[in-house]
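Chemist:
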Amino acid sequence: RFAVASPYFGYSFSTSALPVAGSPHALTAVFSGDANYGASSSSPVLQEVRTAATTASLSSSLNPARPTDSLTLTAAIAAAEPGAPTPTGTVQFQSQGSDLGAPVALAQGQAGLTLLASSLGHGSKSIAAQYLPADGNFGASSTVLAPNQVVNQPPTAGEFELGVARNEAGSGETGKLLR
């Protein structure tokens, strides 16, 4: 980040106002003069503006999941440079290398996809998120869910899931069976 500020004239400038397109940009300081000093200008200085690197992370709201569970995959995209603006664009979610629907728009650096776990098939699934920038100001990035998303196999005919509800009241109390 390049910034110039003048305590005498109250002017400031930052490269965040310059796009990547057309870089390098020629910058010239111009003083229009006042009662004490005549007008002057500097020689041009070239300022290069580069694509900002991004980082990506991916989480699942429920892992492992049952086939009948609804789960949300959430990708968070951020600029790698502290103080840089929030990236814009979309995220393409994938399972086993295949797209899960259309790309999802980022909102304040996050994109979410809610789906039924059974749509992934049962077993351990490699889930990825690929950030697709809206413009040339940010670089693409990708990430994978770690550990893999697990979708448990559905019960077969004649079987049912059985669980025990833990009684939080204290020791000596019995739990109840859930179906």
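Counting from 3, one number per residue, gives the positions in the sequence shown under the numbering used here. Using N, Cα and C, we set each Cβ at its ideal position, and we do this for glycine too.
Is it the case that the Cβ atoms of ALA41 and ALA77 are separated by a distance below 7 Å?
Modeler: The answer is no: Cβ separation not under 7 Å.
Chemist: Out of curiosity, what's the CA-to-CA distance linking PRO69 and SER97?
Modeler: One C-alpha to the other measures close to 15 Å.
Chemist: Less than 8 Å between the CB atoms is what I'm expecting for GLY114 and LEU75, so what's the real figure, rounded?
Modeler: About 7 Å; that satisfies the 8 Å criterion.
Chemist: Would you kindly report the start and end of the unbroken beta strand (DSSP E) that includes ALA28?
Modeler: That run of the beta strand (DSSP E) goes 27-29.
Chemist: Taking the alpha-carbon positions, what's the ILE79 to SER62 distance?
Modeler: The alpha-carbon atoms of ILE79 and SER62 are separated by roughly 15 Å.
Chemist: Between the C-alpha atoms of LEU179 and HIS124, what's the straight-line distance to the nearest angstrom?
Modeler: Any reading at LEU179 needs caution, since the residue's pLDDT is 49, under 50, leaving its predicted position unreliable; the model's value is listed next. Approximately 25 Å between the Cα atoms of the pair.
Chemist: Could you give the DSSP three-state label for ALA119: helix, strand or coil?
Modeler: Reduced to three states, the DSSP call for ALA119 is helix.
Chemist: How about VAL51 and LEU29: do their beta carbons lie closer than 7 Å?
Modeler: No, Cβ-Cβ distance for VAL51 and LEU29 is not below 7 Å.
Chemist: By alpha-carbon positions, which one of LEU73, ALA55, LEU118, PRO66 ends up nearest to SER85?
Modeler: As written in the sequence, residue 85 is Gly, which differs from the Ser given in the question. With distances taken between Cα atoms, GLY85 lies closest to ALA55.
Chemist: Is LEU118 buried or exposed, if buried means 16 or more other CB atoms sit within 10 Å of its CB?
Modeler: It counts as exposed.
Chemist: Determine the direct distance from the alpha carbon of ASN150 to that of ARG181, and round the result to whole angstroms.
Modeler: Legend: pLDDT at ARG181 = 49, less than 50; position of this residue unreliable, value from coordinates given subsequently. The alpha-carbon atoms of ARG181 and ASN150 are separated by roughly 27 Å.
Chemist: If I measure Cβ to Cβ from VAL93 and keep anything under 6 Å in the same chain, skipping five residues before and after, which residues do I get?
Modeler: Once the five neighbours on either side are set aside, the close Cβ partners of VAL93 are ALA77, VAL106, ALA113, ALA131, TYR133.
Chemist: Cα-Cα, which of PHE95, SER44, HIS27 is closest to SER34?
Modeler: Here the closest residue by C-alpha is SER44.
Chemist: Closest to GLY2 by CA distance: which of SER144, VAL153, SER25 is it?
Modeler: Limits of the chain in this structure are 3 at one end and 181 at the other, which puts residue 2 out of reach.
Chemist: For GLN49, list the residues DSSP reports as bridge partners.
Modeler: Bridge partners of GLN49: HIS27.
Chemist: Leaving out five residues on either side along the sequence, give the residues of the same chain with a beta carbon under 6 Å from the beta carbon of GLN155.
Modeler: Excluding residues within five positions, the ones whose Cβ falls inside 6 Å are HIS124.
Chemist: Over the uninterrupted beta strand (DSSP E) stretch that includes VAL152, give me the two end residues.
Modeler: It spans 151-153 - the beta strand (DSSP E) in which VAL152 sits, taken as one unbroken run.
Chemist: Scan the region 26-110 and note each continuous beta strand (DSSP E) run of 3 residues or more that stays entirely inside, going in chain order.
Modeler: Listed in chain order, the complete beta strand (DSSP E) runs (minimum 3 residues) inside the region 26-110 are 27-29, 47-49, 56-62, 72-81, 91-97.
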